[in-house]
Each structure stands twice: as structure tokens, then as C-alpha cells.
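Taking it in order: structure first as C-alpha cells, then the write-up.
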Amino acid sequence: MTDKSHTAKRGLNTTLAHSGNNPHDYFGFVNPPIVHASTVLFPDAATLESGKQRYTYGTHGTPTTDALAEAVNVLDGAAGTIIVPSGLAAVTMPLLAFLKSGDHLLMVDSVYYPTRRFCDTMLRDLGVETTYYDPHVGAGIAALIRANTKVVFTESPGSNTFEIQDIPAISKAAHTKDAVVMMDNTWATPVYFKPLDFGVDITIQAGTKYPGGHSDVLLGLVSANAKHWRKLLDVQTVTGVCANSDDSYQVLKSMRTMGIRLERHQKSALDLATALQDRPGVARVLHPALPDFPDHAMWKRDFNGSSGLFSIVLDAKGNPDHWREKAHAFLDALQIFGLGYSWGGYESLAVLVHLEDRTIAKCPVEGSVIRLQIGLEDAQDLMIDIERGLEAANNII
Ligand SMILES: *Cc1c(COP(=O)(O)O)cnc(C)c1O
């Protein structure tokens, strides 16, 4: 079941249903056992000393965490995957693994805010300098790479504003200078974009989002190509930042349905985004799968699909005093959408986005940005709810 040459020819949903564990390795039970473990026993002193037993201690993995890691390896085409306690840890651990004092990091300006906060605090204090770059830099990244640039970090689409990066061009330029390319691929998941196939060395997912799928678990997944796998694994071994079997089980269980869930998230989100383009009170819709979105051609070139997260820019009609008031009116009128952070679960969510941290990537000037996570509810009910919100916002004049 974990033989890649065999699974390579299978369709996505078949792969998701059957990768990770082989039921016949555990009495034929379809799902892997949830192994709770710190201590692992050795049969004799020679084995204890040999270092050759498959499992040696809980921090180094269990059959449950291995099943999830293997399922992610197959999906991403990765040499190996480490599982960490949150999506944020999935960002910070590879940065700590590949950067040291005196190194330089190139970080996309449209990055997930907590990633920026990590660079501006802990990495800075460790003596790593960060330069933020334009998400549209493309091959121009070459001019920003210094002798001590060790990592080029990408996130595409950009957080909340959905800029698409030219990942193949950035990877090519970075590799000519021996920099490691990392990508936060949480939005597309490997279902709709496989970073390692586009030259990325280390790919990151918040397992919390679509892989978890039910707003009840936090987990991070970091996968590497063959060249960088050892060093990535070392950071987990050295720091002891590991995930437990219960959470790993939950995420693997949910990944079995990730393909069909994403189909529904994709369709509902795109239908709503399309309809919202013409609604009074909406200045713009930020969704890379819309033909009018500025980066649409690049999205179409590289991605197989789009997920359920996009933003709308409310139209404040040139009155800056109304930005927040309109946003609050919109959010407070919603009855189905919950107001809350994170996304990727079955239920719809909305938040007001803050972009003040950006230094290069231009923020919308028309009004507040509202981020919508489109869940698995009936899309017509969600549209009615959004219209309720827009009506409330439009009443502020
Ligand atoms: C949510 C998110 C994370 C962090 O995941 P957590 O599990 O919430 O820590 C990282 N990157 C992106 C792009 C995210 O959306």
C-alpha cells in the first residue's frame, strides 16, 4: 500500500483512501492502531544497543504518526515528512533547521502574519536577517539573493490577499545560489498544488486546515525532497517537537475524505466569489481562480484547483471613516458564518483582515478586507447570509 511506484498511477481519491497504512500489517483492521507511547521495549541487550529496532522511543514516531507521514509523502511526492504540533510549528521548525546566526532569509511580504512575527522577533534575536520581497518578484528574486542567503520562503497564494507567486522561477533562481526554497502550501494543499514538483525543497501545511477538516485538531506537516530530508528530520530529533498519535490519527482519518471535501469547498467558493463580483457594496473579490483576478494566468498554469478561502473588499465609497463600521455591520449581520480564526473545517467562517504589517505588497484601497472560509453547507444558504451582511454594510452611509 505504501509502494510509490504502485500508487503513482492511481487517482487522487484512491490514493487518499489507501495510502499510509497497510491494514494487513495490523490484523486486517482498516485503520491504523492509535499507539500511545513513550517507552518502547527491546527484546534483549544486543537489540537495545544496536540502534536497529524500528521504534525506539515515543518522540521518534509511532505506527500511527508514521501512517500519517507516509500518506503525506505519497500525496506530496516527498522523501519524508515530520509531524509537529501546529501549522505555525510547521513554519518555524524548518526555518530553525536551515538558518543560523549570520544567515539571511528572503521572506515573501504577503506571508501569514505569525510567520512574519517569528522572523521579526525570534529569528532576529538569533542573528538571522530577514528581507521581505514582493510576491510578484518572480525571477527577479536573483537580485535579492546575497552570499549568506540560505532560505527563500514562499507562500502562494499570499495570506488574505491571494497573490500568486512564480514558484518555478523563484526556485530556479534560488537553486543557482544554493538557497533552500520553502513553501507554505496550506491554501491549495497537495491536492491542488504539489510544491516539490515545481522546484520547492521543503513544503509546509497546516494540518489544522483541510487535512484536519473539522476545526477540532491542531497539527503541522513538513515534507522534504530527498536532498533536504535528513536535515529536516534532525530538527525534530534534536528539539523533541513532535506530535501525538491521537491527533495524527484524527488528521489521517480526515484526509481520507479531503479530496471530496475540497471539491465541494472549491465549487461553492468559486460560485459565491463569481456572484459577489457584481454585488453592490463589493469593490473587488480576491480569488485567484476568477478570470479577472490579476494573477489568474499564473494560478491556471501551476494549480489543479482552488480551495474554499477567499476575500472580498468592501466598498467604503471613498470614506475611510466607514471602513471598520461597514466591516462590523457585515460581520454582525451573518447568521450562518461564524466569526473566528483558522479555516479548512466543514463550517463557514468570516473575519476582518488586517494588513498593516505589509511593507511591499499593496493593500486594497477601497475598503476593509473580509476573509471568507466557505464550508460544506448549501451554497444558496451561504449566499443569502452574505447578502444579509452586504445589506447591513450598505446601510452605513
Ligand atoms: C493557519 C495557518 C498556519 C498555522 O496553522 P496553525 O495550526 O493554526 O498554527 C500556517 N500557515 C498558514 C498559511 C495558515 O493559514
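Residues in the sequence shown are numbered from 1350 upward in steps of one, following the numbering used here. For every residue, glycine included, the Cβ atom is placed at its ideal position computed from N, Cα and C.
By DSSP, does residue i sit in helix, in strand, or in coil?
i, result
"Asp1483", "coil"
"Thr1405", "coil"
"Thr1535", "coil"
"Ile1685", "coil"
"Thr1351", "Bear in mind that a pLDDT of 43 at Thr1351, under 50, signals an unreliable position, so the model cannot answer this."
"Leu1390", "coil"
"Arg1359", "coil"
"Val1460", "coil"
"Phe1542", "coil"
"Leu1731", "helix"
"Ala1676", "helix"
"Thr1557", "coil"
"Gly1667", "coil"
"Ser1368", "coil"
"Glu1715", "coil"
"Arg1720", "strand"
"His1453", "strand"
"Ala1741", "helix"
"Thr1510", "coil"
"Glu1478", "strand"
"Ile1551", "strand"
If I follow the unbroken beta strand (DSSP E) through residue i, where does it start and stop?
i, result
"Thr1708", "Looking at the DSSP string, Thr1708 is not in any beta strand (DSSP E), and its letter there is neither H nor E."
"Lys1499", "1498-1504"
"Ala1699", "1698-1702"
"Val1433", "1429-1433"
"Val1662", "1658-1663"
"Ala1573", "1569-1573"
Could you round the C-beta distance between residue i and residue j to whole angstroms and report it? I think they count as a contact, below 8 Å.
i, j, result
"Leu1581", "Ile1551", "6 Å"
"Val1477", "Asp1458", "Between Asp1458 and Val1477 the Cβ distance is about 17 Å, and since that is not below 8 Å, they are no contact."
"Gly1724", "Tyr1695", "5 Å"
"Phe1511", "Pro1392", "Between Pro1392 and Phe1511 the Cβ distance is about 55 Å, and since that is not below 8 Å, they are no contact."
So is residue i buried or exposed if we call it buried at 16+ other beta carbons inside 10 Å?
i, result
"Val1763", "Examination of residue 1763 is not possible in this model, given that the chain is present from 1350 through 1746 alone."
"Ser1325", "Residue 1325 lies beyond the stretch modelled for the chain, which goes from 1350 to 1746, so this question has no answer here."
"Thr1503", "buried"
"Val1421", "buried"
"Ser1354", "With a pLDDT of 47 at Ser1354, under the threshold of 50, the predicted position of this residue should be treated as unreliable, and no value is reported."
"Glu1398", "exposed"
"Val1500", "buried"
"Asn1653", "exposed"
"Pro1443", "buried"
On the DSSP letters alone, give me the boundaries of the alpha helix (DSSP H) that residue i sits inside.
i, result
"Thr1525", "1516-1525"
"Gly1436", "1436-1447"
"Ala1418", "1412-1425"
Is any non-hydrogen atom of ligand 2 found closer than 7 Å to the C-beta of residue i, if you look at the structure I gave you?
i, result
"Glu1504", "Of the ligands this structure carries, namely ligand 1, none is ligand 2."
Unbroken alpha helix (DSSP H) runs of length 4 or more, entirely within the stretch 1583-1647: which are they?
-> Secondary structure within the stretch 1583-1647: the alpha helix (DSSP H) runs of 4 or more consecutive residues, fully enclosed, are 1594-1604, 1607-1625 (chain order).
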